[in-house]
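Some notes on the structure that comes next.
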Amino acid sequence: MSLKFGVLILFCSTTYVQSLDNGLALTPPMGWMHWQRFRCLTDCVAYPDECISEKLFRTMADHLVCDGYLEAGYEYIIIDDCWASKQRDNDSRLQPDPERFPNGIKALADYIHDKGLKFGIYGDYGTKTCAGYPGSIDHLELDAQTFAEWGVDYLKLDGCYADQSTMEEGYAKMGHYLNSTGRPIVYSCSWPAYQEPLGIKSNYTKLAETCNLWRNWDDIDDAWSNVTNILNWFSKNQDRLAKFSGPGHWNDPDMLIIGNFGLSYEQSKAQMAIWAIMAAPLIMSVDLRSIEPQFKNILLNKDIISINQDPLGIQGRLVLTKNKIDIWTKPVTPNVDGSDSYAIGFLSNRVDGYPYRLNFTLSELNLTHDSGYAIRDLFDLSAEPTVTNIDEIVFIRIKPSGGTLLLAVPNPLNNVSKI
Ligand SMILES: *[C@@H]1O[C@H](CO)[C@@H](O)[C@H](O)[C@H]1NC(C)=O
Ligand SMILES: *[C@@H]1O[C@H](CO)[C@@H](O)[C@H](O)[C@H]1NC(C)=O
Ligand SMILES: *[C@@H]1O[C@H](CO)[C@@H](O)[C@H](O)[C@H]1NC(C)=O
Ligand SMILES: *[C@@H]1O[C@H](CO)[C@@H](O)[C@H](O)[C@H]1NC(C)=O
171 MSLKFGVLIL FCSTTYVQSL DNGLALTPPM GWMHWQRFRC LTDCVAYPDE CISEKLFRTM
231 ADHLVCDGYL EAGYEYIIID DCWASKQRDN DSRLQPDPER FPNGIKALAD YIHDKGLKFG
291 IYGDYGTKTC AGYPGSIDHL ELDAQTFAEW GVDYLKLDGC YADQSTMEEG YAKMGHYLNS
351 TGRPIVYSCS WPAYQEPLGI KSNYTKLAET CNLWRNWDDI DDAWSNVTNI LNWFSKNQDR
411 LAKFSGPGHW NDPDMLIIGN FGLSYEQSKA QMAIWAIMAA PLIMSVDLRS IEPQFKNILL
471 NKDIISINQD PLGIQGRLVL TKNKIDIWTK PVTPNVDGSD SYAIGFLSNR VDGYPYRLNF
531 TLSELNLTHD SGYAIRDLFD LSAEPTVTNI DEIVFIRIKP SGGTLLLAVP NPLNNVSKI
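Quick note on this note's numbering: the sequence shown kicks off at 171 and runs consecutively.
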């Protein structure tokens with residue numbers, strides 16, 4: 171039965187990708203990770219409320235639950251680098267820093283699970299993590315077992331201090347050990363982020379078979395230029411990459427930096443809009459204790475999250491740049507009379523001060539439904555949907571270096587008179 175189904179899919183769809191079968195990450199993972207906002211801050215004497223410690227993760231777990239993030243879908247709380255002791259224990263097992271995690275990782279995972287959240291941790295495929303903590307290369311099986319015993323639900327395996335040419339095989343070996351533990355663990359790989367910047371085109375067939383998600387490119391820092399650099403790279407490579415994204419296996423352009431120091435409100439809307447279009451993992455990295463309400467509202471926008479989490483799982487693409495404004499589209503549900511709906515994301519590279527009036531037609535964006543579409547702005551639901559045919563000029567006003575997200579739902583064929 172299942173074999174027949176598999177064969178059917180192979181014949182019907184040219185974009186079918188053989189993928190890791192652990193039943194996880196059927197939509198892009200959503201959660202919170204400490205790196206972009208808290209980095210490797212380990213001085214708990216000087217910075218008791220910000221240092222990488224069990225206290226920080228307990229506090230953030232409380233906020234994820236109490237402030238509505240879990241309800242919106244952000245379910246993983248993920249420790250990044252700098253949690254470990256510099257030494258393995260006498261049985262060669264990884265152990266947390268005893269001062270900063272006095273109750274151990276298992277107790278922290280239990281606390282997080284009791285809140286209804288899932289727990290993620292960081293390791294490194296090489297001899298050391300990027301910040302110099304113990305790497306896993308000589309202990310892959312033991313580390314997989316340790317993570318499973320601690321109750322880990324998500325592993326980010328980085329690739330510092332390793333030979334990139336051995337990564338494809340080595341990450342697959344770790345995937346095998348994770349599977350052997352019997353515990354379902356989302357597996358986030360990093361090997362393209364070590365190959366692609368060297369000009370090596372990673373094997374995405376192998377990635378989709380091995381990992382639930384993978385970091386393709388450089389780390390994000392807290393700046394608008396980082397958002398636009400990353401999007402330039404992804405759009406340049408979209409024909410090569412996009413087909414490998416889908417339920418269970420995702421390209422990862424890195425964390426959301428919304429709510430921190432580097433992005434304005436309009437730039438934050440743009441990051442959220444285009445990350446949603448790209449079916450990117452939505453991993454926040456922000457201090458949830460002090461985030462301003464306007465940024466929180468962006469992160470909790472249910473309509474935009476549902477574009478990101480759409481069950482079709484299609485990675486959207488840059489389809490047109492017009493008057494220095496990038497327009498991205500992603501096919502989403504619902505399908506009406508045989509036509510998909512489309513999310514349409516805008517990112518302005520203009521800096522000329524005023525909200526620019528951009529004119530466009532849906533047919534310019536390759537939307538083809540005969541009886542047109544009803545369009546809504548997902549950042550402004552108070553406005554009535556505009557019903558338009560595909561060759562009618564519609565316009566939108568976009569603020570400098572900002573962005574927004576529209577949803578175009580096909581107008582039912584029996585409803586043409588509305589146009
Ligand atoms: C680990 O081994 C060292 C050296 O043999 C020993 O001094 C230490 O007490 C051991 N630690 C534990 C927790 O067993
Ligand atoms: C291990 O792999 C098998 C075969 O792909 C899969 O059916 C199973 O769900 C996996 N188990 C875990 C815990 O990932
Ligand atoms: C990429 O990986 C797939 C699956 O493991 C393999 O069949 C294929 O030969 C690899 N391609 C290259 C160019 O190495
Ligand atoms: C992010 O910006 C910093 C500072 O300009 C730069 O060093 C880094 O390479 C950028 N990374 C990306 C991915 O753009």
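For each residue, glycine too, the CB sits at the ideal point set by N, CA and C.
Quiz item: Is PHE339 near ligand 3, in the sense that its beta carbon is under 7 Å from a heavy atom of that ligand?
Solution: Phe is not the amino acid found at residue 339; the sequence shown has Glu there. No.
Exercise. Flag this pair as yes or no: are the beta carbons of GLU366 and SER372 separated by less than 8 Å?
Key: In contact: GLU366 and SER372 (Cβ atoms closer than 8 Å).
Practice problem: For ARG459, count neighbouring C-beta atoms within 10 Å of its own C-beta (all shown protein chains included) and say buried if the count is 16 or more, exposed if not. | Solution: exposed
Quiz item: Would you say the beta carbon of GLY515 comes nearer than 7 Å to a heavy atom of ligand 2?
Solution: no
Practice problem: Output the residue ranges of the beta strand (DSSP E) runs that lie fully inside the region 453–505 and measure 3 residues or longer, sorted by chain position. | Solution: 487–492
Self-check item: Cβ-Cβ separation, ARG207 to VAL456 (assumed contact under 8 Å), whole Å
Solution: 5 Å
Quiz prompt | Any residue whose CB is nearer than 7 Å to a heavy atom belonging to ligand 4, listed in chain order | solution = TRP387, ASP388, ASP389, ILE390, ASP391, ALA393, SER395, ASN396, ASN399, ILE400
Practice problem: Could you check the C-alpha separation between LEU577 and ASP480 for me, to the nearest Å? | Solution: Rounded to whole angstroms, LEU577 and ASP480 show a C-alpha spacing of 12 Å.
Quiz item: Excluding sequence positions up to five away, which residues of its chain have a Cβ less than 7 Å from the Cβ of ASP313?
Solution: LEU264, GLY293, SER306
Self-check item: Local Cβ density within 10 Å of ASN260, reported as buried at 16 or more and exposed below that
Solution: In summary, ASN260 is exposed, with fewer than 16 beta-carbon neighbours lying within 10 Å of its beta-carbon over all protein chains present.
Quiz item: What residues in its chain sit with their C-beta under 8 Å from that of LEU551, if we drop five residues either side in the sequence?
Solution: ASP473
Quiz prompt | Classification of CYS236 by the beta-carbon crowding that lies within 10 angstroms, buried from 16 upward | solution = Exposed.
Self-check item: ASN407, DSSP secondary structure in three states
Solution: Coil, per DSSP.
Exercise. Could I get the ranges of all uninterrupted beta strand (DSSP E) runs contained in the region 283–361, with 3 residues as the minimum, in chain order?
Key: 288–294, 324–328, 356–359
Quiz item: By Cβ distance, which residues of its chain are closer than 8 Å to GLY298, with the 5 residues on each side in sequence left out?
Solution: Residue identity check: residue 298 is Lys in the sequence provided, not Gly. Excluding five sequence positions before and after LYS298, the CB atoms of its chain that fall closer than 8 Å to its own CB belong to PRO304, GLY305, CYS330, TYR331, given in chain order.
Practice problem: Kindly identify the DSSP beta-bridge partner or partners of MET203. | Solution: ILE248
Quiz item: What do you reckon, is the C-beta of ASN536 under 7 Å from a heavy atom of ligand 3?
Solution: Answer for ASN536: no, Cβ out of range of ligand 3.
Quiz item: For GLY572, which three-state DSSP category applies?
Solution: coil
Quiz item: Does at least one heavy atom of ligand 3 sit under 7 Å from the Cβ of LYS376?
Solution: Yes, the beta carbon of LYS376 sits closer than 7 Å to at least one heavy atom of ligand 3.
Practice problem: Can you grab the Cα-Cα spacing for the pair HIS233 / LYS225, in whole Å? | Solution: Answer to the nearest angstrom: the Cα atoms are 12 Å apart.
Exercise. Using 7 Å as the cut-off, classify the Cβ of ASN349 as near or not near the heavy atoms of ligand 6, replying yes or no.
Key: The model on display carries ligand 1, ligand 2, ligand 3 and ligand 4 but not ligand 6.
Self-check item: Presumed contact (8 Å Cβ cut-off) between ILE515 and GLY573, rounded CB distance
Solution: It should be noted that the sequence gives Gly, not Ile, for residue 515. That belief holds up - the Cβ atoms of GLY515 and GLY573 are roughly 7 Å apart, short of 8 Å.
Quiz item: Can you tell me the Cα-Cα spacing of ASP328 and ILE247, whole angstroms?
Solution: 17 Å
Exercise. May I ask you to list the residues that DSSP assigns as paired with THR621?
Key: No answer is possible for residue 621: it lies beyond the span of the chain, which begins at 171 and ends at 589.
Quiz item: Is the region 476–495 touching the region 403–411, taking contact as three or more C-beta pairs under 8 Å?
Solution: yes
Self-check item: Local conformation of VAL579 per DSSP, three classes
Solution: strand
Quiz item: Terminal residues of the continuous beta strand (DSSP E) containing ALA513?
Solution: 509–518
Quiz item: Distance, Cα to Cα, ALA440 vs TYR512?
Solution: 17 Å
Quiz item: Are three or more beta carbon pairs between the region 373–384 and the region 211–221 nearer than 8 Å?
Solution: Here the region 373–384 does not lie against the region 211–221, with fewer than 3 beta-carbon pairs under 8 Å apart.
Practice problem: Give a single yes or no on whether ARG353 has its beta carbon closer than 7 Å to a heavy atom of ligand 2. | Solution: yes
Quiz item: Say the cut is 7 Å; is the CB of GLU379 nearer than that to a heavy atom of ligand 3?
Solution: yes
Quiz item: Of the residues HIS204, SER350, HIS539, LEU532, which one's Cα is nearest the Cα of GLY508?
Solution: HIS539
Quiz item: For GLN464, is the classification buried or exposed, using 16 other Cβ atoms within 10 angstroms of its Cβ as the cut-off for buried?
Solution: exposed
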